[in-house]
Amino acid sequence: MDNHLKIFNSLSGKKEDFEPQAPPYVGMYVCGPTVYGDAHLGHARPAITFDTVFRYLKHTGYKVRYVSNITDVGHLEHDADEGEDKIAKKARLESLEPMEIAQYYTNRYHEDMRRLNVLRPSIEPHASGHIMEQIKMAEEILENGFAYEINGSVYFDVVKYNEKHDYGKLSGRKLEEMISNTRELSGQDEKRNPADFALWKKAEPVHIMRWESPWSDGFPGWHLECSAMGRKYLGESFDIHGGGMDLKFPHHESEIAQSVAATGREPVRYWMHNNMITLNGQKMGKSLGNAVSLRQFYSGEHPLLEQAYDPITIRFFILQAHYRSTLDFSNEALQAADKGLRKLFAVFQTLEQIEAGDTSGFDVAGFEKKCYAAMDDDFNTPVLIAHLFDAVKAVNAAKDGHISLSSTDIENLKRLFNIFVFEILGLVNTQESKHESFDKIIQLLIDIRQEARKNKNFTLSDKIRDELKASGVILKDGKEGTSWTLA
RNA sequence: GGUCGGUUUGCCGAGUGGUUAGGCAACGGUCUGCAAAACCGUGUACACCGGUUCGAAUCCGGUACCGACCUCCA
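Letter by letter, the first sequence follows residues 1 to 487 in this note's numbering.
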């Protein structure tokens with residue numbers, strides 16, 4: 001494993017050399033969706049970011065166990081103490097079993113992700129299937145004195161924890177400042193301190209999602225599932241934990257606290273956070289009412305969308321920005337990404353067409369080095385893509401006879417484009433024909449048109465070209481003959 | 001209010017103390033029966049004000065504006 005992968009660790013705020021604790025094995029946990037609604041563009045970002053991390057780690061030889069949860073025990077809404085969660089609320093409104101809601105949106109999430117060519121994680125645990133583990137963890141935290149029970153609920157004692165440990169080290173906060181900044185009004189609050197959070201919550205009579213526990217019929221707290229399931233499948237300490245930046249606090253901060261309080265061990269070595277996708281400079285979010293669902297992107301049915309977008313175009317669009325930068329959505333940007341993507345895909349066809357020369361007009365070895373260097377630099381996909389376009393330019397120049405590529409060059413370029421475009425970036429040419437007979441028919445029409453052109457029968461040749469274009473097949477005349485692509 | 005981050009050429013978006021990021025769009029040219037595609041060439045940008053430096057868009061300080069988190073959130 002001869003690489004020098006550097007990962008930006010949110011915990012230190014620096015790029016660090018990636019050293020898994022038990023190579024070649026890597027454990028990675030990424031916060032997944034709460035399944036009470038369709039995934040929007042924002043959900044695509046962590047999915048694609050960490051899918052690419054997963055792909056690259058595997059490519060460089062690691063054996064990766066990638067765990068990503070499905071949250072089917074709804075998090076509480078912000079009038080939290082009233083005790084209704086998102087899934088239960090949706091179930092009540094639609095007169096369905098909560099698990100019906102969760103299953104429905106889980107299925108749709110999987111389909112949305114499949115179209116983005118996101119690989120399924122190694123393990124996709126459901127929160128509802130790990131109530132026992134969560135109860136056990138809450139018990140351990142109680143035993144260790146970092147939690148207290150009151151009225152059937154269990155709360156994490158942040159103040160006590162902070163006496164021995166550092167609550168706020170991930171998000172860069174000081175507990176004292178947080179407390180002085182939080183002026184909770186609800187006099188009914190059972191919590192000793194506003195900064196405390198629930199490990200277990202007693203269910204109100206109306207609450208339909210509930211499980212038995214030593215303390216009450218209720219449900220686990222907001223942050224416990226990730227701690228419990230990460231620990232179960234990856235161990236008390238694992239390599240990478242990922243998620244959106246908005247989860248840094250309080251979710252991930254609390255995860256660290258819970259794990260340390262329960263096991264005494266630091267749970268995660270490298271924390272990775274992807275930035276937000278914005279719309280007119282504002283975060284896209286369900287509660288902000290500016291979220292466009294992935295399905296709407298695929299169909300184009302949304303007032304903000306000028307057209308439907310290929311899921312792979314969305315993937316490419318996201319990969320054209322670094323995962324730690326915000327990315328601003330617009331039709332113009334997405335359309336530009338789509339054109340660039342078509343240009344990138346065309347190189348595969350061009351590589352088949354060009355004739356090998358005796359000399360090398362392009363430094364293929366240097367190109368390969370630069371590509372790996374880009375990925376090793378905290379998964380810098382936009383720089384990788386820039387290098388790929390440099391190579392595209394060289395291949396096109398070779399096609400037009402401006403430079404020469406040796407047969408070794410061509411073979412290596414084919415190999416590298418396959419690795420980086422398909423295997424690592426996870427792009428897939430959905431517009432490529434999969435039907436041999438279709439390909440043959442198009443080739444026949446091209447031949448007929450070629451003959452017509454030879455006979456100067458331009459009426460016929462233009463008719464073939466125009467009619468094919470109307471049917472979605474675009475002909476491209478070149479020196480070496482005519483090629484085609486789907487529109 | 002607190003904490004953190006951003007401001008790059010028409011748009012998206014990298015990066016860096018002195019050398020072309022890249023994509024899209026635009027303009028000129030080559031090629032072509034025409035068109036498209038492709039190729040060649042063109043843009044000399046880094047919010048503002050100071051400072052450090054031989055040299056800063058890149059480092060430091062300040063100002064303005066924008067955003068994220070502090071409450072569910074990818």
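Even glycine gets a Cβ: it sits at the ideal position worked out from N, Cα and C.
In this text, all values refer to a predicted model and were calculated from it rather than measured experimentally.
{"Asked": "Length of the line joining the Cα atoms of glutamate 143 and tryptophan 211", "Found": "21 Å"}
{"Asked": "Helix, strand or coil at histidine 4 [DSSP, three-state]", "Found": "coil"}
{"Asked": "Start-end ranges of the alpha helix (DSSP H) lying completely within the region 96-147, minimum 4 residues", "Found": "98-115, 131-143"}
{"Asked": "In DSSP terms, what valine 364 is bridged to", "Found": "Beta-bridge pairing links valine 364 to no other residue."}
{"Asked": "CB of methionine 284 within 8 Å of CB of leucine 41, strictly", "Found": "yes"}
{"Asked": "Endpoints, beta strand (DSSP E) assigned at proline 220", "Found": "218-220"}
{"Asked": "With 16 other Cβ atoms within 10 Å as the buried cut-off, status of proline 20", "Found": "buried"}
{"Asked": "Beta bridge counterpart(s) of glutamine 320 as assigned by DSSP", "Found": "DSSP, once it has assigned bridges, lists no residue as partnering glutamine 320."}
{"Asked": "Minimum C-alpha distance to valine 421 - residue among Asp447, Ser404, Ile410, His387", "Found": "His387"}
{"Asked": "Nonlocal neighbours in the same chain, by C-beta distance under 6 Å from asparagine 429, ignoring five residues either side", "Found": "Phe345"}
{"Asked": "The alpha helix (DSSP H) enclosing threonine 459, as first and last residue numbers", "Found": "458-470"}
{"Asked": "Element boundaries [alpha helix (DSSP H), containing lysine 90]", "Found": "86-94"}
{"Asked": "Residue range of the beta strand (DSSP E) that includes asparagine 274", "Found": "268-274"}
{"Asked": "Run of the beta strand (DSSP E) containing alanine 198, from where it starts to where it stops", "Found": "197-202"}
{"Asked": "Proximity of valine 159 and threonine 106 at Cβ, strictly below 8 Å", "Found": "no"}
{"Asked": "Distance CB(phenylalanine 146)-CB(aspartate 196) smaller than 8 Å", "Found": "no"}
{"Asked": "Three-state secondary structure assigned by DSSP to glutamate 163", "Found": "helix"}
{"Asked": "DSSP three-state assignment for isoleucine 208, whether helix, strand or coil", "Found": "coil"}
{"Asked": "N-terminal and C-terminal residue of the beta strand (DSSP E) that aspartate 477 is part of", "Found": "473-478"}
{"Asked": "Endpoints, the beta strand (DSSP E) within which threonine 350 is located", "Found": "Not the beta strand (DSSP E): threonine 350 falls in the alpha helix (DSSP H), residues 331-353."}
{"Asked": "Coarse secondary structure for threonine 381, derived from DSSP in three states", "Found": "helix"}
{"Asked": "contact_flag[the region 63-70, the region 229-243] where n(CB pairs < 8 Å) is 3 or more", "Found": "yes"}
{"Asked": "Given 8 Å, three or more beta-carbon pairs between the region 323-340 and the region 458-471", "Found": "no"}
{"Asked": "Glycine 13, enclosing alpha helix (DSSP H) - first and last residue", "Found": "First-last for glycine 13: undefined, no H or E at that position."}
{"Asked": "Under 8 Å between C-beta atoms of serine 437 and aspartate 358", "Found": "no"}
{"Asked": "Local Cβ density within 10 Å of valine 418, reported as buried at 16 or more and exposed below that", "Found": "Per the sequence presented here, residue 418 reads as asparagine, with valine not at that position. Answer is exposed; the Cβ neighbour count stays below 16."}
{"Asked": "Assigned exposure category for alanine 203 - 16 Cβ within 10 Å defines buried", "Found": "buried"}
{"Asked": "Alpha carbon of serine 216 to alpha carbon of glutamate 139, nearest angstrom", "Found": "13 Å"}
{"Asked": "Beta-carbon spacing of alanine 30, tyrosine 62 below 8 Å", "Found": "Correcting the residue type first, residue 30 is valine in the shown sequence and not alanine. Taking 8 Å as the Cβ cut-off, valine 30 and tyrosine 62 do not qualify as a contacting pair."}
{"Asked": "Whole-Å CB distance - methionine 272 paired with glycine 242, under 8 Å assumed", "Found": "4 Å"}
{"Asked": "Cβ neighbour criterion (16 or more within 10 Å) applied to isoleucine 87", "Found": "buried"}
{"Asked": "Neighbour-count burial assignment, isoleucine 150, 16 or more Cβ in a 10 Å radius", "Found": "exposed"}
{"Asked": "Pair within 8 Å by beta-carbon distance, glutamine 353 and glutamate 255", "Found": "no"}
{"Asked": "DSSP state of glycine 42 mapped onto helix, strand, coil", "Found": "helix"}
{"Asked": "Proximity of glycine 244 and asparagine 274 at Cβ, strictly below 8 Å", "Found": "yes"}
{"Asked": "Exposure label - threonine 408; buried when at least 16 CB within 10 Å", "Found": "exposed"}
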